[in-house]
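These protein sequence lines map, in sequence, to chains A and B. Start counting the first sequence at 20; every next residue gets the next number (the numbering used here). Start counting the second sequence at 20; every next residue gets the next number (the numbering used here). Positions of the beta carbon are idealized from the N, C-alpha and C atoms, including for glycine. First comes the structure, then the notes that go with it.
2 protein chains.
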Amino acid sequence: MGTNRTRVGIKEVAAAAGVSVTTVSHALNNKGRLPEATRQRVRAIADQLGYKANATARNLVVGRTGLIGLVVSQHGGPPFAVTDFAYFGQLMLAASTAAIGEGYALVLAPADGALAPQGGIAVDGAIIVDPVRDDPLVGALARAGITVVTTGRMLGDDRSCWVDNDHIAGTRAVLDHLQRSGAERIALMTSPLEISYTFDVERAYREWCARARVEPLVKAPELGLSERAGYAAAGELLSLPEPPDAIFATYDRLAYGTLLAAEARGVRVPEDLLLATTATESQAPEQARPALTTLNLHPAEIGRAAASLLIALLDDEEPARHVVVPHRVVARSSTRRRR
Amino acid sequence: MGTNRTRVGIKEVAAAAGVSVTTVSHALNNKGRLPEATRQRVRAIADQLGYKANATARNLVVGRTGLIGLVVSQHGGPPFAVTDFAYFGQLMLAASTAAIGEGYALVLAPADGALAPQGGIAVDGAIIVDPVRDDPLVGALARAGITVVTTGRMLGDDRSCWVDNDHIAGTRAVLDHLQRSGAERIALMTSPLEISYTFDVERAYREWCARARVEPLVKAPELGLSERAGYAAAGELLSLPEPPDAIFATYDRLAYGTLLAAEARGVRVPEDLLLATTATESQAPEQARPALTTLNLHPAEIGRAAASLLIALLDDEEPARHVVVPHRVVARSSTRRRR
DNA sequence: CTCATTTGGAAAGACGTTTTTGCACTTCCT
DNA sequence: AGGAAGTGCAAAAACGTCTTTCCAAATGAG
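Laid out in structure tokens, this is it:
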């Protein structure tokens, strides 16, 4: 079996194939002029020997670092802790996996410049997750010559490359669904964060209400975006003189809190209240009681797409600068149609 | 201001200092024989020029990748989604920051071998978060010659290097605190996961009960470790013929659910029920109503320590193989002393 | 004063790739 | 038949750093 202590290099492959290292390199990278037969033969020998090009050496000669940074915008700190959201974890893991698959390594960076020339780590490009309006980081990185892709658009400056859902369409789809299920007074529970997500959703909601000639009812929980915050906010909504008969919550944890609040005060879902929210890849919505209707945003797909887009940009392919990841409304018990 | 298109290299520094590149390298890395005066002068010029050694070139010559992997053990899939826990996010971010500070890049890897020779990305070492009992990944990596540090010990094989809290002592501290606050019947709400954390806590709890001559009461929520799961589990505990008058929840989300369950059924905290749980760096415990007493585990410190330990190992310093990160009990309203 | 030893620093090789250049040999055209 | 164009591959120069040698000058000892 003998796993050699030292990895097999291009020289060993060349020797085994009876050609020069040049030829091996050309064969493996589809460069140079080589008859197909030679390419095949060299490749066969290479993976028979288990050859994997040393990424460091390759990076050195092609003049890149092989690293891409992923930074989550600060959003002004504490009340909103990025680590509290499964969304980010899934996005990050998918982006990392995609990057590895394309020969890059993704490194998670704190928002306060661990990237950028001075002091930090050198990267070829960066993914910025949910930048706030006019996020200074985006500009700083761009000025340092680092290619940037954002997930979610940056409000105020749309020149960047981004990947995002079509939240306008998603929101409409949810509202239409709620209406078809019998809702007459739909409240939006969302956050005041200045990111394109909340911006789009609230705009779509207000436009939808205007077109449907109903009064919008927007509730922003205090205390962040936790279950407790949702519990409290739902409590207030349900105590209104004219309480909503449906709620669309823009963060899933708000919805879970809402569910508990309803349960606690004897409000039945879906009989008295329809409830819909957004979802990651989690199984939580179907395990909730009742199972929750969700607008699936596919954060993993967003992460994957962001990494791919960034790498395409770095490799000088000329990809479409914007990627829209499809959403999907999954109807479950929490919006079961009323008689 | 002229940011040069091309970074300043060791050659420019050498030229500016009027010495050879050798001398610059020696001065910057504390190698070779150089009078202190020369070292100082070269260093001064180097950072005046903003010189940063090209990590790729350095890695190539010293024969490392400069990458360390962080993988979170699968824990047997879905019910337990790692991305649901702020704990992991904080640990990871801190580990990444620490790694960057020491010249390494940390890459997040999926549990199914994106590391290891065949197929994946080459790393110098890996951090494995909360390995399950006899986690196959640990062995596989070790066999591939990759240095491994775990956070939390691996049950079944204690030969590895790890960083962990002293959960035995932490649990005792919490139980003692609850007892001093007047608790007479303390329930433990925990998970059946086979990781050292839950193992230690449950053992400490049972031993503590034995010594205090009280019957242990352990409740493992179904439906994972969410607020809803905690809500349901707490409901069951409180419906018992002899309900507990205090609960220690090993995951914070269980505690938040417990709080809502108590509120929903008119059980007052802390008057009727004392409640304590563990905490990350989040502000949630103090924002809860009532504010939650917590055992702070300092995941960020765990991550930082794990990265530092791994890097010390890689750099052939001979660090202590185990690091214990201190915990701290923070008493808040949820365990306010009974009259 | 001479020889051995230490000290300061330079030159050059190495790390493992990619890429450019160029050589020899065919094939094709006229 | 003679030159032009095309083909297959090798040699060698990078990439930017660290590290090993090695030489010259300075210092010390006898």
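Item	Value
Would the beta-carbon of Val126(B) fall within 9 Å of that of Leu125(A)?	yes
Could you tell me which residues DSSP pairs with Trp181(A) in its beta bridges?	Thr169(A), His341(A)
Please decide whether Gln67(A) counts as near chain B, where near means a Cβ-Cβ distance under 9 Å.	no
What is the rounded straight-line gap between the Cα of Arg323(B) and the Cα of Glu337(B)?	18 Å
For the segment 298-310 of chain A, which residues have a CB atom closer than 7 Å to at least one CB atom of chain B, in sequence order?	Ser301, Gln302, Ala303, Gln306, Ala307
According to DSSP, what are the bridge partners of Ile87(A)?	Leu125(A), Gly144(A)
Among the residues of its own chain, which have a CB less than 6 Å from the CB of Ala141(A), if the five just before and after it don't count?	Thr84
With DSSP as the reference, label Ile64(A) as helix, strand or coil.	helix
Contact check, Leu112(B) vs Pro129(A) under 8 Å by CB: the rounded distance?	6 Å
With 7 Å as the limit, tell me which residues of the segment 150-162 of chain A have their beta carbon closer than that to any beta carbon of chain B; keep them in chain order.	none
Could you tell me which chain A residues have their CB closer than 7 Å to the CB of Val43(B), listed as they occur along the chain?	Residues of chain A passing the Cβ test: none, with the nearest at roughly 19 Å.
Assuming Val361(A) contacts Ile64(A) (C-beta within less than 8 Å), just tell me the rounded distance between them.	Any property of residue 361(A) remains undetermined from this structure, which presents chain A solely from 20 to 358.
According to DSSP, what are the bridge partners of Val80(B)?	Answer by DSSP bridge pairing: none, since Val80(B) is not bridged.
Drop a sphere of 10 angstroms on the beta-carbon of Gly37(A), count the other beta-carbons inside from all chains shown, and report buried for 16 or more, exposed for fewer.	exposed
How many Å lie between Val167(A) and Ser353(A) at the Cα?	39 Å
Quick check: the Cα distance between Pro262(B) and Tyr106(B), rounded to an integer number of angstroms?	30 Å
Quick check: what's the CA-CA separation for Val288(B) versus Ala251(B)?	17 Å
Have a look at Arg357(B) and Glu234(B) and give me their C-alpha separation to the nearest angstrom.	22 Å
Can you tell me whether Thr296(A) sits near the ligand MN, meaning its C-beta is under 8 Å from at least one heavy atom of the ligand?	This structure lacks the ligand MN; in fact it carries no ligand of any kind.
On the criterion of 16 or more Cβ atoms from any shown chain inside 10 Å, does Asn184(A) qualify as buried, or is it exposed?	buried
Name the DSSP bridge partner or partners of Ala105(B)?	Beta-bridge pairing links Ala105(B) to no other residue.
Measure how close the beta-carbons of Gln109(A) and Thr102(B) come, nearest whole angstrom, since I'm counting them as under 8 Å.	5 Å
Determine, using beta carbons only, whether Val343(B) and Leu316(B) come nearer to each other than 9 Å.	no
Using 10 angstroms around the beta-carbon of Leu156(A), count the other beta-carbons present and answer buried if the total reaches 16, otherwise exposed.	buried
For the pair the segment 293-305 of chain B and the segment 116-124 of chain B, tell me if three or more CB-CB distances fall below 8 Å.	no
Starting from Ile321(A), trace the alpha helix (DSSP H) in both directions and tell me its first and last residue.	318-333
Distance check for Leu68(B) and Ala114(B), CA to CA, integer angstroms please.	30 Å
Using CA atoms only, rank isn't needed, just tell me which of Leu160(B), Cys180(B), Ala295(B) is closest to Ala274(B).	Ala295(B)
Considering only C-alpha positions, which residue in the set Ala268(A), Phe267(A), Arg204(A) is nearest to Pro260(A)?	Arg204(A)
If you draw a straight line from the alpha carbon of Ile187(A) to that of Leu160(A), how long is it in whole angstroms?	29 Å
Please list the partners that Arg356(B) has in chain A, where partner means a Cβ-to-Cβ separation under 9 Å.	Result: empty, since nearest Cβ-Cβ is about 24 Å, beyond 9 Å.
Quick one: give me the first and last residue of the beta strand (DSSP E) that Asn48(B) is part of.	Where Asn48(B) is concerned, there is no enclosing beta strand (DSSP E), although the alpha helix (DSSP H) it sits in stretches over 40-48.
Any beta carbon from chain A within less than 9 Å of Lys71(B)'s own beta carbon?	yes
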